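Numbering (the numbering used here), first residue to last: 17 to 649. The beta-carbon is built from N, C-alpha and C at its ideal position, and this holds for glycine as well. As the structure is a prediction and not an experimental result, all values here were calculated from the model.
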């Protein structure tokens with residue numbers, strides 16, 4: 017293993033952050049350079065690149081066209097759901113963005129106006145985001161197919177000038193009509209948009225409401241015929257680029273704000289230094305544009321960097337099989353891939369021996385990155401053995417916009433420790449503290465916090481909710497950002513994220529990590545994936561309950577395996593864990609981004625009132641949990 021420059025780079029970023037990020041900012045084209053790299057007097061904890069002026073879209077597209085990448089492919093849209101692959105060069109993507117930007121301006125959208133995108137995984141969604149950035153508008157992407165009531169709360173919060181949507185989204189075996197959901201959301205909201213631009217997909221067209229709705233293709237054709245083209249609008253580095261609402265919120269939603277300057281600098285820095293990807297190489301982030309990962313690493317970071325980005329409309333299994341990912345990597349010669357551990361657990365469940373992997377040429381493929389849920393060691397171990405490339409777990413949040421802790425491939429990889437996303441990235445001073453905000457010794461579980469100021473790209477505030485932002489993130493541990501994750505640092509400074517702070521359960525006075533128990537369950541040879549959560553107990557307060565999804569082809573009974581995993585936990589953790597209940601189910605309830613809905617499962621187990629989460633992938637999975645729990649708790 018080559019010597020890593022990580023330690024010196026990270027130390028420099030903390031000892032002289034202005035010099036560090038000032039140097040990183042040279043990778044971005046500025047209209048006016050920042051007066052101050054960091055101004056501690058602005059905002060809730062200071063602002064990055066105050067006084068700087070730039071345009072995010074120019075940095076993603078125009079400059080590459082000007083400097084020789086016009087004919088390089090910028091975006092590959094690969095959709096096994098429609099059997100279609102579309103490729104756009106930097107010049108073509110720029111042209112589409114200029115045209116749509118002009119269309120938005122024709123509809124009265126200007127600098128600072130909000131535009132909501134309610135879109136499927138299609139290239140037009142990327143164009144729409146870049147077009148908003150081009151004209152200085154603030155985009156807010158809401159996951160396509162999101163429930164009408166949830167969409168309505170976001171319309172009321174963002175008060176968009178326009179909504180861009182499509183007639184439908186496509187899921188394996190079904191078409192999701194977006195228009196009825198959009199119509200209902202607008203009916204429910206008090207902040208009515210000035211209009212809607214609708215992309216009619218051939219798989220399911222929709223009726224347009226006269227006077228309010230406009231056909232995307234017709235507007236595009238008219239703008240091209242009239243030679244309309246939007247120029248880049250200069251914006252302040254501290255102006256908002258987008259609002260992204262955190263999933264699963266109730267009441268007034270929490271709109272995480274991302275600025276233009278810090279976002280561009282941190283994301284451009286991360287592509288080569290963290291992910292080890294060079295300009296011109298093919299990169300794939302297997303997320304959705306509805307999530308922060310999709311914003312950062314399908315669209316912005318790879319395009320800032322001059323790479324080729326893959327956008328995938330499909331699933332890890334079932335479109336058509338558990339070899340879907342390997343087909344995409346092989347066909348498009350991707351050098352690195354970023355996805356959720358959940359996706360790998362699904363592949364491992366269907367193809368435990370990795371037969372599909374060997375059907376494809378993966379010789380170009382160098383690195384697999386995992387994030388979104390904790391990457392349990394058995395899944396990482398399986399992926400390493402099957403792929404024979406480094407498997408890098410890394411940890412971040414919607415609020416940060418990019419990686420908090422990872423393994424910096426571009427700076428020279430550090431030794432991998434299974435169960436840890438490795439070390440804090442430059443700009444992040446990560447500490448673990450007790451309830452009094454005092455740092456705890458290495459190996460001691462506590463709340464994971466980030467010392468202020470946060471590095472560039474992290475949230476400066478919530479949309480029009482400064483007080484709520486302070487309350488949610490900064491008040492509990494003064495001088496720190498609260499991640500709401502629990503875990504510990506080891507003696508080498510490696511971060512271990514063991515779950516959300518509310519996933520640490522208190523069993524008869526003992527604080528136990530559900531993540532630690534999941535690790536043990538996942539080590540059983542027949543278990544594909546699992547979730548452990550604390551459920552109410554009259555004597556001990558809480559006791560752990562484990563849910564198991566078994567690998568395909570397991571011939572032994574559920575009861576047998578349930579008994580074995582209970583014995584395994586008792587053997588590894590001792591009777592103090594009070595782990596007596598394991599239940600095998602066919603699937604775990606998850607959000608569309610792959611997060612297991614532990615809070616909802618817990619409410620069902622505790623007999624509390626619960627509502628169907630807006631972000632759920634498969635509502636029937638919760639019914640199965642309810643049936644499985646009957647008579648068991």
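- Closest by C-alpha distance to residue 157, out of 274, 118, 193 and 80, is 274.
- The C-alpha of residue 220 is placed about 36 Å away from the C-alpha of residue 85.
- When DSSP reads this structure, residue 217 sits in a beta bridge with 220.
- When DSSP states are grouped into helix, strand and coil, residue 434 belongs to the coil group.
- Looking from the CA of residue 49, the closest CA among 281, 105, 437 and 402 belongs to 281.
- Judged by DSSP secondary structure, residue 327 falls within the beta strand (DSSP E) whose first and last residues are 324-328.
- With 16 or more other Cβ atoms inside 10 Å of its own Cβ, residue 166 counts as buried.
- Taking 8 Å as the cut-off, the beta carbon of residue 299 is found closer than this to the beta carbon of residue 351.
- Three or more pairs of CB atoms, one per stretch, sit closer than 8 Å, so the segment 178-185 contacts the segment 130-141.
- Contact between residue 464 and residue 444 is absent: CB atoms are separated by about 11 Å, not below the 8 Å threshold.
- Assignment of alpha helix (DSSP H) within the segment 323-372, counting only whole runs of 4 or more residues, yields 340-348 and 357-366 in chain order.
- Under the 10 Å beta carbon count, residue 188 is surrounded by fewer than 16 other beta carbons and is classified as exposed.
- Of all C-beta pairs linking the segment 586-597 to the segment 619-635, fewer than three are shorter than 8 Å, placing the two stretches out of contact.
- Just so you know, the alpha carbons of residue 433 and residue 28 end up roughly 24 Å apart.
- Around the beta carbon of residue 355, 16 or more other beta carbons sit within 10 angstroms, so the residue counts as buried.
- In the DSSP assignment, residue 397 falls within the alpha helix (DSSP H) that extends over 393-403.
- Secondary structure in the segment 547-588: the beta strand (DSSP E) runs of 3 residues or longer, each lying completely within the stretch, are 557-566 in chain order.
- Taking a cut-off of 8 Å on C-beta distances, the segment 371-380 does not touch the segment 559-574, as fewer than three cross pairs fall below it.
- Put simply, the segment 483-494 does not touch the segment 391-398. Fewer than three CB pairs are less than 8 Å apart.
- Residue 115 and residue 192 have their alpha carbons spaced roughly 28 Å apart.
- In this structure residue 388 touches residue 610 by the C-beta definition: roughly 5 Å separates them, less than 8 Å.
- At the C-beta level, residue 70 and residue 92 stay beyond 8 Å of one another.
- Within the segment 70-122, the complete beta strand (DSSP E) segments of 3 residues or longer fall at 89-95 and 100-105, listed in chain order.
- DSSP places residue 169 in the uninterrupted alpha helix (DSSP H) bounded by 164-174.
- For residue 251, the three-state secondary structure derived from DSSP is strand.
- Here the alpha carbons of residue 248 and residue 124 stand approximately 16 Å from one another.
- Annotation for residue 644: 599 and 601 place their beta carbon closer than 6 Å to its own, counting only its chain and skipping 5 residues before and after.
- The bridge partners DSSP lists for residue 515 are 502.
- About 6 Å separates the beta carbons of residue 154 and residue 259, which is inside the 8 Å limit, making them a contact pair.
- Residue burial annotation: residue 195 is buried, with at least 16 other C-beta atoms found within 10 angstroms of its C-beta.
- The continuous stretches of beta strand (DSSP E) do not include residue 493, and DSSP gives it neither H nor E.
- As DSSP reads the structure, residue 229 sits in a beta bridge with 212.
- The DSSP-derived three-state label of residue 594 is coil.
- According to DSSP, residue pairing for residue 259 in a beta bridge involves 273.
- For the pair residue 424 and residue 20, the Cα-to-Cα distance works out to about 8 Å.
- For residue 134, DSSP records a beta bridge to 181.
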